[in-house]
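A short write-up of the structure that comes next.
Numbering (the numbering used here), first residue to last: 33 to 355.
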């Protein structure tokens with residue numbers, strides 16, 4: 033193992049300052065080697081606090097860190113993490129893990145970048161490096177009947193709760209699963225199932241979340257900028273790292289997940305849903321329906337003022353009503 037990696041691992045394990053001599057003694061290296069490793073880590077982007085007579089303390093870095101994600105977790109659910117610098121898609125990787133011998137622990141796959149990220153209907157999801165949060169959760173299904181749509185709405189609610197609590201802003205949800213801020217999409221959620229080919233039973237569920245966390249909206253193409261936003265302004269104001277936010281989101285998700293079928297969260301989903309009261313155009317296959325969104329059922333379905341109920345579909349247009 034390289035000296036820099038050894039020093040990094042030791043610093044990650046400690047929540048108190050370590051002197052250069054303590055690090056040198058534990059790793060059986062010279063003080064000069066330790067000093068060079070510290071400088072190398074700082075050049076790579078790691079934040080290391082240095083105090084006279086106390087030593088070095090690793091601060092929450094801008095890069096992904098399982099150590100700092102776990103430090104920000106309150107949930108007691110045992111989670112297994114897999115972090116990547118770059119990956120085709122976290123959902124694709126989750127499905128690959130699903131094909132391996134099963135484990136009862138939820139698998140959390142996080143990547144700093146996706147080269148082939150995708151959303152609903154297979155649409156490409158832009159995933160620039162070190163600015164977004166690209167995360168998938170692989171879950172074992174223990175239920176005879178699993179409502180994937182309801183889990184999607186629960187996930188959107190968990191994400192909004194985390195944003196509101198940690199960033200002090202009020203996000204909104206465009207039915208079904210687009211999370212918005214200032215009327216622009218800052219996150220999408222995609223739920224997929226893995227079926228046992230022999231029994232036809234839904235064996236596992238993958239929940240994928242992509243968040244434009246620190247992305248600079250000015251870098252978007254003009255046509256994308258009209259509909260896509262970012263949490264960047266709120267994040268910079270709060271100084272909240274990606275690791276801290278991932279921990280906060282996972283806490284909210286695993287508060288909801290064990291009992292999401294009880295519909296307890298739907299009141300919050302309605303509160304966040306900015307679609308209600310608006311005139312919408314819904315596309316479902318080759319069918320297009322226009323009407324006023326009046327309510328959300330306890331199962332997450334959209335109800336129009338004329339009584340039509342939709343469990344799936346895509347809102348392609350919203351025209352705000354006047355009062």
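Ideal placement from N, C-alpha and C gives every residue a C-beta, glycine not left out.
Everything numeric in this text was worked out from a predicted model, so none of it was measured.
Check, Outcome
"Supposed close pair residue 337, residue 317 - CB separation, criterion 8 Å", "About 22 Å; that fails the 8 Å criterion."
"Counted within 10 angstroms of its Cβ, other Cβ atoms place residue 279 as buried (16 or more) or exposed", "buried"
"Whether residue 209 touches residue 247 by CB criterion (8 Å)", "no"
"Which of helix, strand or coil DSSP assigns to residue 230", "coil"
"Nearest-angstrom Cα separation, counted from residue 282 out to residue 274", "12 Å"
"Residue 191 to residue 56 span [Cα, whole Å]", "43 Å"
"Inter-residue spacing [alpha-carbon to alpha-carbon] between residue 257 and residue 211", "16 Å"
"Residues bridged to residue 198 [DSSP beta-bridge criterion]", "Answer by DSSP bridge pairing: none, since residue 198 is not bridged."
"Minimum C-alpha distance to residue 137 - residue among 78, 108, 328", "108"
"Opposing strand residues paired with residue 211 [DSSP bridges]", "205, 219"
"Supposed close pair residue 118, residue 144 - CB separation, criterion 8 Å", "7 Å"
"Rounded C-alpha distance that separates residue 298 from residue 310", "19 Å"
"Pick from 58, 105, 126, 67 that is closest to residue 225, judged by C-alpha positions", "126"
"The region 335-350 contacting the region 222-242, beta-carbon criterion three pairs below 8 Å", "no"
"Extent of the continuous alpha helix (DSSP H) run through residue 103", "98-103"
"Nonlocal neighbours in the same chain, by C-beta distance under 8 Å from residue 307, ignoring five residues either side", "205, 206, 207, 325, 334, 347, 350"
"contact_flag[the region 264-273, the region 166-182] where n(CB pairs < 8 Å) is 3 or more", "no"
"Three-state secondary structure (DSSP) of residue 292", "helix"
"Residue span of the beta strand (DSSP E) that contains residue 140, given as start and end", "139-143"
"Which listed residue (313, 163, 59, 104) has its alpha carbon closest to that of residue 94", "163"
"Integer-rounded CB distance, given that residue 218 should sit under 8 Å from residue 263", "5 Å"
"Exposed unless 16 or more other CB atoms sit within 10 angstroms - verdict on residue 74", "exposed"
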